Amino acid sequence: MKRSALAIALIAALSGCGSGGEDGGSSSNTNTNPGTKSGSIKIDNISIKEGNSGNSDAKVRVTRSGGKDGVIKGKYRTTPGTALSDQDYLETVGEFELQDGVTRVDLIIPIIGDVKDEDDETFSVQIFDVSGASSIERDTATVTITNDDSSPEISFTSEIRTTSEGSGRVKIPLQLNTSSGKDVSVSYELSGLAINGQDYSVISDSTIVFPAGTTEQFLELNIVQDDVPEGGETIKIKLTEANNATLSKQFETSVIILGDLVLNDTGVTRYVKWE
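According to mature numbering (1 follows the signal peptide of the UniProt record, and there is no 0), the sequence shown holds residues -20 to -1, 1 to 255 in order.
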């Protein structure tokens, strides 16, 4: 079917009417009404204390400046960093809106509290698919969760324990009163009548390490047998320096190696009167 010249011209004229109009491919982040001042927006960094239990709200603020006309809408989402979703904070995806004349809105992100000593941790909140703003100054904020928990205490579980010559490996337990998000280490020193290298040897390293999340470790000794008849001997162990922990009041313990010699009971009792 043939088209007349008039029809072709009319089609050409109509097809040119769409160029340069409102549908000319403008960004969703640009105000399409040049007669208004919608302003630019940004999202702000914040810090919040972790808390010991339950959830607390981090209020991440979105603000606009340079104008407050019209409605600005957008979406936001969290992204993990050193802070992990559903462990340190609740993963959140949502939408926000700044009504005409409104210059700020808070995005609520729940923070999960605990009593674990750990380093400060961060995650990010990003705004995207924004419409109505003249520009976006900053689209990503960093949320810093600051640690507010004290370091754990480290101690021996008992003040004294006994063993016998030639008993072999002896494990002396140490404990933290609560788990830590950091590696904890402690050094120690040995003294007493028992002689290292003769009556016993040390199996453990000179520093005892509690990997993050653990609460119990052991100092291991090897109690050896000798051919010398003797009385009991004592190994005194003292914790000297802790890293990422503090020493409790029970930072010393003794291991008594029972001897071969004992005093015979003569059956005689003598009383001495002191003047």
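Note that CB positions come from ideal geometry on N, CA and C, so glycine has one too. Quantities reported herein were computed from a predicted structural model and do not represent experimental measurements.
Pick from the options that is closest to residue i, judged by C-alpha positions
i	options	result
residue 70	77, 88 and 169	88
residue 189	151, 129 and 165	165
residue 66	78, 132, 35 and 23	35
residue 201	235, 133 and 194	235
residue 72	149, 44 and 60	60
residue 54	133, 113, 40 and 19	113
residue 95	145, 223, 77 and 68	68
residue 259	206, 19 and 111	Shown here, the chain extends from -20 to 255; a query on residue 259 therefore has no answer.
residue 99	57, 115 and 130	130
residue 93	107, 126, 155 and 157	126
Start and end residues, beta strand (DSSP E) containing residue i
i	result
residue 151	148 to 156
residue 76	73 to 78
residue 87	84 to 92
residue 24	Note, residue 24: premise wrong, no beta strand (DSSP E); not H, not E.
residue 55	52 to 60
residue 101	101 to 111
residue 197	196 to 203
residue 216	213 to 223
residue 190	187 to 190
residue 237	232 to 238
residue 180	180 to 182
Cα-Cα separation between residue i and residue j, rounded to whole angstroms
i	j	result
residue 237	residue 136	18 Å
residue 163	residue 109	42 Å
residue 124	residue 196	30 Å
residue 104	residue 121	5 Å
residue 231	residue 172	16 Å
residue 221	residue 228	11 Å
residue 215	residue 160	30 Å
residue 47	residue 82	10 Å
residue 24	residue 64	20 Å
residue 97	residue 180	36 Å
residue 239	residue 213	7 Å
residue 116	residue 84	14 Å
Anticipated Cβ contact below 8 Å, residue i with residue j, distance rounded
i	j	result
residue 199	residue 152	5 Å
residue 50	residue 80	6 Å
residue 30	residue 91	7 Å
residue 133	residue 225	7 Å
residue 203	residue 147	5 Å
residue 28	residue 38	5 Å
Buried versus exposed call for residue i [16 or more other C-beta atoms within 10 Å across all chains shown]
i	result
residue 183	exposed
residue 75	exposed
residue 140	exposed
residue 175	exposed
residue -1	The predicted model places residue -1 with a pLDDT of 38, which falls under 50 and marks its position as unreliable; any figure quoted below should be read in that light. Per the 10 Å Cβ criterion, exposed.
residue 101	buried
residue 32	exposed
residue 185	exposed
residue 187	exposed
residue 58	buried
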